[in-house]
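J.: First residue of the sequence shown? That's 1 in the UniProt record's numbering, and the numbers climb one at a time after it. A virtual CB, placed ideally from N, CA and C, is assigned to each residue, including glycine. Shown below is the structure under consideration.
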Amino acid sequence: MVFICCAFYAEAKPVIDFYGLKKNHYASKFDIYEGENIILIITGMGTVITSAAVSHLLTRYSAQKTDIALNIGIAGAVNPDYRKGEAVLCNKVVNTFSERCFYPDILVKHPFKEGTLLTYPRPVRGKEKVFYKGDLVDMEGAGFFEAASSFLYVHNIQLIKVVYDFLDDLSINKEEIYGIIRDNLQDIDYYIKALVEANEIIKNPLSYEDEEILKKIAQNLKLTFTMERRLYNLALAYKIVKKDKDLGFLKEFLNIKPDSKREVKYYFELIKKRLSV
């Protein structure tokens, strides 16, 4: 199943039309639109409501870890090299309020530029100083990713943002939003199909023993959420490339319990080197 999350109706409408989705009139908390293999939810704006909507959606439809979730919507561009109407695939997401960083695992070839998304708790305009290095600004991406990562494999969670402005305009033109998202839907559909196809091939290459090793290492090293996701992504990439090789070589790290943050970083860097492909 493919789950699509949009912040508001103007973002969702071109997607609904493209896939011929029908509204589920029995859904009460959020507006939900359904197709044969695609379900779309309108989350509302902001990380908290977005996180709640994503959790509601994936719970309601009993999402499996191998399902796919995409956040599709507009964003303001910080990077002057982008052009209005250009679709960007986010390879890093920063919650500027909590200062947590998330790294979508992009394993499939795609036609988009890649960039860093900064999620702010309120609208940001050009006259305001942007304190974080990044390319795009929104209000939902970090909430979407953090919630979805509790349900799905990280390589199945993707964010595609279409440049709407350059933080210089407070007005929202619904027809304009419809047009710039619609114009990117052929590429977005191509990417969705590529994700589905890759998912059928990849599934989950990690065995139960592999996952237990990673879990225990994360616990003993007291890894942060971001470091734990990075560990998992590296292990996943290693298994995809090496195929039949297990993660038994990481067992030497199972009984290590660092006494300081410096030691945590030291051992984490060692593990990253072992998993490099």
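(1) Quick one: is arginine 230 buried, meaning 16 or more other Cβ sit within 10 Å of its Cβ, or exposed?
(2) At a Cβ threshold of 9 Å, is lysine 239 touching chain B?
(3) Have a look at the DSSP bridge pairing and note the partners of asparagine 95.
(4) Under three-state DSSP, which class holds phenylalanine 3?
(5) Between the beta-carbon of histidine 110 and the beta-carbon of leucine 89, is there less than 9 Å?
(6) Let me check understanding here. Comparing Cα to Cα, which of Ile188, Phe249 and Leu254 lies closest to tyrosine 19?
(7) Could you say which of Glu36, Val48, Ile32 and Ser51 lies nearest to isoleucine 42 if we only look at CA atoms?
(8) Determine the DSSP secondary structure at isoleucine 192, reduced to helix, strand or coil.
(9) With DSSP run on the structure shown, which of helix, strand or coil describes glutamine 64?
(10) Measuring only the C-alpha atoms, how far is lysine 13 from asparagine 220?
(11) Can you tell me where the beta strand (DSSP E) with glutamate 263 in it begins and where it stops?
(12) Compare the beta carbon distance of alanine 75 and glycine 141 with 9 Å and say whether it is the shorter of the two.
(13) Identify which residue in Leu195, Asp246 and Ile160 has its Cα closest to the Cα of lysine 113.
(14) Would a C-beta distance cut-off of 9 Å place lysine 84 and tyrosine 164 closer than the cut-off?
(15) What are the boundary residues of the alpha helix (DSSP H) that includes glutamate 252?
(16) Counting C-beta neighbours from all protein chains within 10 Å, is the total for lysine 239 16 or more, i.e. buried, or is it exposed?
(17) With C-beta atoms as the reference, is aspartate 138 less than 9 Å away from leucine 167?
(18) Have a look at Gly248, Tyr191, Val196 and Thr226 and flag the residue whose alpha-carbon is nearest the alpha-carbon of glutamate 212.
(19) What I want to know is whether the C-beta of glutamine 186 ends up closer than 8 Å to one or more non-hydrogen atoms of the ligand FMN.
(20) Rounded to the nearest angstrom, what separates phenylalanine 30 and glutamine 64 at their Cα positions?
(21) Which word fits threonine 59, buried or exposed, when buried means at least 16 other C-beta atoms lie within 10 angstroms of its C-beta?
(22) Since glycine 33 is in the beta strand (DSSP E), which residue starts that stretch and which ends it?
(23) Using only the alpha-carbon positions, how far apart do aspartate 105 and tyrosine 26 sit?
T.: Let me spell this out:
(1) Here residue 230 refers to the residue found at position 230 when the sequence shown is read from its first residue. So arginine 230 ends up on the buried side.
(2) Protein chains in the displayed structure number just one, and chain B is not present.
(3) Counted from its first residue, the sequence shown places residue 95 at position 95. In the DSSP output, where bridge partners are listed per residue, asparagine 95 has Arg100 and Thr119.
(4) Taking the sequence shown and counting its residues from 1, the one referred to as residue 3 is at position 3. Note: phenylalanine 3 maps to strand in three-state DSSP.
(5) Numbered from its first residue, the sequence shown carries residue 110 at position 110. Numbered from its first residue, the sequence shown carries residue 89 at position 89. A contact, by the Cβ cut-off of 9 Å.
(6) Walking along the sequence shown from the start, residue 19 turns up at place 19. Here the closest residue by C-alpha is Ile188.
(7) One-based indexing of the sequence shown puts residue 42 at position 42. When each option's Cα is compared against that of isoleucine 42, the closest is Ile32.
(8) Numbered from 1 along the sequence shown, position 192 holds the residue referred to as residue 192. Isoleucine 192 falls in the helix class under three-state DSSP.
(9) Translated into positions along the sequence shown, residue 64 becomes position 64. It is coil, neither helix nor strand.
(10) For the purposes of this step, residue 13 is taken as the residue at position 13 of the sequence shown. For the purposes of this step, residue 220 is taken as the residue at position 220 of the sequence shown. If you take the alpha carbons of lysine 13 and asparagine 220, they lie about 47 Å apart.
(11) Locating residue 263 in the sequence shown gives position 263, counting from the first residue. Where glutamate 263 is concerned, there is no enclosing beta strand (DSSP E), although the alpha helix (DSSP H) it sits in stretches over 261-274.
(12) Here residue 75 refers to the residue found at position 75 of the sequence shown. Here residue 141 refers to the residue found at position 141 of the sequence shown. Closer than 9 Å, so yes.
(13) Here residue 113 refers to the residue found at position 113 of the sequence shown. The residue with the shortest Cα to Cα distance from lysine 113 is Ile160.
(14) Translated into positions along the sequence shown, residue 84 becomes position 84. Translated into positions along the sequence shown, residue 164 becomes position 164. Result yes, Cβ atoms of lysine 84 and tyrosine 164 sit closer than 9 Å.
(15) Within the sequence shown, residue 252 is the residue found at index 252, counting from 1. No alpha helix (DSSP H) holds glutamate 252; DSSP gives it neither H nor E.
(16) Within the sequence shown, numbered from 1, the residue matching residue 239 stands at position 239. Label assigned to lysine 239: buried.
(17) Numbered from 1 along the sequence shown, position 138 holds the residue referred to as residue 138. Numbered from 1 along the sequence shown, position 167 holds the residue referred to as residue 167. Going by C-beta atoms, aspartate 138 is not nearer than 9 Å to leucine 167.
(18) To locate residue 212, count along the sequence shown from 1; it is residue 212. The shortest C-alpha separation from glutamate 212 is found at Gly248.
(19) The ligand content of the structure shown is nil, which means the ligand FMN is not present either.
(20) The residue labelled residue 30 in the question sits at position 30 within the sequence shown. The residue labelled residue 64 in the question sits at position 64 within the sequence shown. Approximately 21 Å between the Cα atoms of the pair.
(21) The residue labelled residue 59 in the question sits at position 59 within the sequence shown. With fewer than 16 Cβ atoms within 10 Å of its Cβ, threonine 59 is classed as exposed.
(22) As a first step, residue 33 must be located in the sequence shown, where it is residue number 33. Looking at the sequence provided, one finds tyrosine at residue 33 rather than glycine. Its beta strand (DSSP E) spans residues 31-34.
(23) Position 105 of the sequence shown, counting from 1, holds the residue named residue 105. Position 26 of the sequence shown, counting from 1, holds the residue named residue 26. Distance between the alpha carbons of aspartate 105 and tyrosine 26 is about 34 Å.
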